[in-house]
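First residue of the sequence shown? That's 1 in the UniProt record's numbering, and the numbers climb one at a time after it.
Note that beta-carbon positions come from the ideal geometry of N, C-alpha and C, so glycine has one too.
What follows is a single structure, written as structure tokens, with notes after it.
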Amino acid sequence: MIKKHQEVFSILKKRILRGVYKEKLPSIRNLIEEFSYNKSTILKALEELKEENLIEIKPCRGIYLTSHKNFEKMEKLTYEIDFKSAVPRGNIFPLEQFKESILKTLEFHGAKALEYEENQGYLLLRELISKKLEKLNIFENKENIFIVPGSQMAIEILAKALLYPGEIVGIETPYYPGAYEIFKNLGYKIIEIPMESDGIDLKYLEKILKKYSLKFLYTVPNFHNPTGITMSLEKMKKLIELSKKYNFYILEDDTMSELNYFQESKLLKSYDNLNKVIYLKSFSKIFNPGFKLGYVVIPKEIKLSFEKIFFKKNYFSSSLNQRAFYDFYKSSHWDNHIIDLKKTFKEKYLYTLGKLKEMKKIKFNKNLNGGLYFWIEIKNLDTYKLYLNLMKKNIGISPGIFFSDNFKNYFRFSFAREDINKIQKGIEELKEIFKISSKYNKDI
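Here it is, written out as structure tokens:
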């Protein structure tokens, strides 16, 4: 026989996933009255919902939903047609060539490749990164480059190095949920800065800077997640000027600047003559989604603070991964891989762009020129309902509330994982869902 608290848990979970509750659950008192169970039973059910990260209990304020912000958990769901995940499938990556690099590394380095790597990262890899950055007009000594096991860990270390709990961090909105949750969990006050068609709204940002002591700004200048927007050169230069004027650091998160299909991307760091930009590069989207390796370029003024946390917590990447990646990164395999990647995704980008242009009820930026997704607005339609309807058809999208509560009429459409046939099929299903949704949204 099912236990009472499990019955309550099951009912509430279904309601949450169906979108019955918008922001909060009923109070504990109201739940007791509804289910006619005692307080202990209700609390046990709520605790299980909390363990599944579906709710957050705020003392004296109520029981709030977290399901729409639980981005990482949602990202792990699988779909027949996946327009939700922005991580490409593993089969497009050069596994055979990288396998050669692993075998060469083991043959050349032997057991040393399996030992602990030096704290800052494999020296030859850092030297190679330094040389590659020079081609992008970033001139940094290898001593200021740290190899990190993924971007989220680097964001956490940097935040801890620069901020105390309660201090203020700025983030573009709509935002990348992974970064937002890190800042939130570390106890920082988060101020959301709106986006414009050419990047962050600098006028709004300066108003915030005049009013608050902002220590740290997180930005994705190239193919921003989730909007796909690239910051203009004018704004890049102005942003760096503001960082000097108001004395704050900028974290530039670069996940796929290589995926500009019509010209070379410009990096914010390449205009940083004031040493105010921290450049973070990850390889998961352009090399291998399961390959947790990246690097961060640290201004010398904050290097010591970063090192203290980095070395203390042993945030080190596998020695074998670093050495094998060095072998691959220095070879022609890397350049050929990027060429193939751009060709594959450019074809899908242009096809998806053309199909979306046929849909009259949506608005989106038609001049992104790269990246892996589109940020789509549908007037008067709650895209969380759209998300739930598409789930029934085994199709995934990312509704706007995954990226901020202020974007309920938006969703992110990613073409990263599917081929053109599935993109075509999925968009046709999307059109049908729009018709169904129109019954509940008469203004569409």
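- For the pair glutamate 140 and glutamate 127, the Cα-to-Cα distance works out to about 10 Å.
- Straight through space, the alpha carbons of phenylalanine 407 and serine 27 are spaced by roughly 26 Å.
- Counting the other CB atoms within 10 Å of its CB gives leucine 280 a total of 16 or more, which places it among the buried residues.
- Rounded to the nearest whole angstrom, the CA to CA distance from isoleucine 338 to serine 265 is 14 Å.
- Residue nearest to glycine 166 within the set Pro177, Tyr37 and Asn185 is Asn185 (criterion: CA-CA distance).
- Judged by their CB atoms, phenylalanine 402 and proline 177 are nearer to each other than the 8 Å cut-off.
- Within the segment 177-248, the complete beta strand (DSSP E) runs of at least 3 residues fall at 189-196 and 214-219.
- Note on phenylalanine 98: 16 or more other CB atoms within 10 angstroms of its CB, so buried under the neighbour-count rule.
- Around the C-beta of serine 282, 16 or more other C-beta atoms lie within 10 Å, and the residue is accordingly described as buried.
- Note that the C-beta distance between alanine 159 and phenylalanine 183 is below 8 Å.
- In the structure shown, tyrosine 175 adopts coil according to DSSP, grouped into three states.
- Rounded to whole angstroms, lysine 393 and glutamate 428 show a C-alpha spacing of 12 Å.
- In the assembly as shown, leucine 350 is an exposed residue. Its beta-carbon has fewer than 16 other beta-carbons within 10 Å.
- When only Cα atoms are considered, tyrosine 79 and glutamate 432 end up about 18 Å apart.
- Within the model, the alpha-carbon separation for methionine 153 versus lysine 422 is close to 34 Å.
- Nearest neighbour of glutamate 115 by Cα position, chosen from Ser398, Ser317 and Tyr373, turns out to be Ser317.
- Straight-line spacing of the CA atoms in leucine 54 and lysine 13 works out to 8 Å.
- Under a 10 Å Cβ-count criterion, isoleucine 420 is classified as exposed, with fewer than 16 other Cβ atoms of the shown protein chains found around its own Cβ.
- At least 8 Å separates the beta-carbon of valine 297 from that of tyrosine 218.
- Between glycine 370 and tyrosine 246, the gap from beta carbon to beta carbon reaches 8 Å or more.
- Residue environment: glutamine 322 is assigned as buried (16 or more neighbouring CB atoms within 10 Å of its CB, all protein chains considered).
- Distance from serine 398 to lysine 84 at the Cβ level is roughly 5 Å; contact confirmed, criterion being Cβ atoms closer than 8 Å.
- In the three-state reduction of the DSSP assignment, valine 8 falls in the helix class, which pools H, G and I.
- For isoleucine 362, the enclosing beta strand (DSSP E) stretches over residues 362-364.
- With contact defined as three or more Cβ pairs closer than 8 Å, the segment 36-48 and the segment 86-103 are not in contact.
- Assignment of asparagine 389 by DSSP, reduced to helix, strand and coil, places it in the helix class.
- At least 8 Å separates the beta-carbon of isoleucine 32 from that of lysine 24.
- With a cut-off of 8 Å on Cβ pairs, the segment 236-243 is not in contact with the segment 111-125, counting fewer than three such pairs.
- Between isoleucine 309 and the set Gln424, Leu65 and Asn119, the nearest pair of CA atoms involves Asn119.
- If you compare the alpha carbons of Leu320, Tyr387, Asn336 and Tyr410 with that of lysine 361, the shortest gap goes to Tyr410.
- Within the segment 306-347, complete beta strand (DSSP E) segments of at least 3 residues are not found at all.
- Distances from the CA of glycine 290 to each of Thr41, Leu353, Ile16 and Leu95 were compared; the closest alpha carbon is that of Leu95.
- The secondary-structure analysis by DSSP pairs serine 414 across a beta bridge with Tyr373.
- The Cβ neighbour count for proline 59, taken over all protein chains shown within 10 Å, is under 16; the residue is labelled exposed.
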